[in-house]
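> Sending over a structure as structure tokens; questions will come in a sec.
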Amino acid sequence: MNADRTPADPQLAEALRRLQDPPAPAALFDRILRSRAQRRWRRRLGLACLVLAGGLLWLPAGPPGERGDRETGATAAAADRGLELWLLDRRLQAAYEHGADSEQLARLWQARANLLAGPAAIPDAMRMKEVSDGSVLEL
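As structure tokens, this is what we get:
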């Protein structure tokens with residue numbers, strides 16, 4: 001044979017070219033189509049499972065008391081303290097922007113220090129109240 005895979009004899013090459021392809025089994029194309037459909041179905045099922053698993057990662061594991069080691073009431077309290085600290089910092093910023101007197105600033109700084117010291121150190125009268133319109137609460 002030559003490098004281009006044609007027979008050395010030109011008559012043999014011509015005879016091979018004239019030969020027809022052997023007939024494919026009748027069920028071959030059905031098997032090919034069925035196999036392709038199964039692969040498509042498996043890919044879609046796999047994609048749906050990935051999307052579902054990704055969505056489940058975003059769901060909470062249950063109420064704070066039932067979450068076990070992942071999240072406890074202590075972490076929920078820390079999140080509440082973080083929110084209160086953020087609100088208190090906003091109040092401090094607003095007080096500085098509006099030129100509040102030193103007594104009001106001292107009370108805000110004291111409330112911030114109490115918040116950082118722990119929830120037992122904060123009197124109920126100084127706790128942050130929820131404000132729906134974003135206005136600044138005064139102490």
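Going by my numbering, the first residue of the sequence shown is number 1, and it counts up by one from there. All residues carry an ideal CB built from backbone N, CA and C; glycine is no exception.
1. Should residue 115 and residue 85 be called a contact, given that it needs their Cβ atoms to be closer than 8 Å?
2. With the cut-off set at 8 Å, would you say residue 88 and residue 53 are in Cβ contact?
3. Put residue 11 into one of helix, strand or coil per three-state DSSP.
4. Quick one: is the Cβ of residue 7 within less than 7 Å of any heavy atom of the ligand NAD?
5. By the DSSP assignment, the alpha helix (DSSP H) with residue 57 in it spans what residues?
6. Would you decide whether residue 45 is buried or exposed? Buried here means 16 or more other CB atoms lie within 10 Å of its CB.
7. Would residue 91 be called buried (16 or more neighbouring beta carbons within 10 Å of its own) or exposed?
8. Identify whether residue 69 lies in helix, strand or coil by the three-state DSSP scheme.
9. Once the 5 residues before and after residue 105 are set aside, which same chain residues still bring their CB inside 7 Å of it?
Taking the structure as given:
1. For the purposes of this step, residue 115 is taken as residue 115 along the sequence shown, with counting starting at 1. For the purposes of this step, residue 85 is taken as residue 85 along the sequence shown, with counting starting at 1. The answer is yes: Cβ separation under 8 Å.
2. The sequence position of residue 88 within the sequence shown is 88, counting from 1. The sequence position of residue 53 within the sequence shown is 53, counting from 1. Cβ distance not < 8 Å, so residue 88 and residue 53 don't count as in contact.
3. Against the sequence shown, residue 11 aligns to sequence position 11. Residue 11: helix per DSSP, three-state reduction.
4. The ligand NAD is not part of the structure shown, which contains no ligands of any sort.
5. The residue labelled residue 57 in the question sits at position 57 within the sequence shown. 28-58 is the extent of the alpha helix (DSSP H) around residue 57.
6. Translated into positions along the sequence shown, residue 45 becomes position 45. Exposed, by the Cβ-count rule.
7. Taking the sequence shown and counting its residues from 1, the one referred to as residue 91 is at position 91. Buried is the call here.
8. Within the sequence shown, numbered from 1, the residue matching residue 69 stands at position 69. At residue 69, the pLDDT of 48 sits below 50, so the modelled position is not reliable; the number obtained from the coordinates is stated separately. It is coil, neither helix nor strand.
9. Sequence index remark: in the sequence shown, residue 105 carries index 105 (1-based). Cβ neighbours of residue 105 beyond the five flanking positions: 95.
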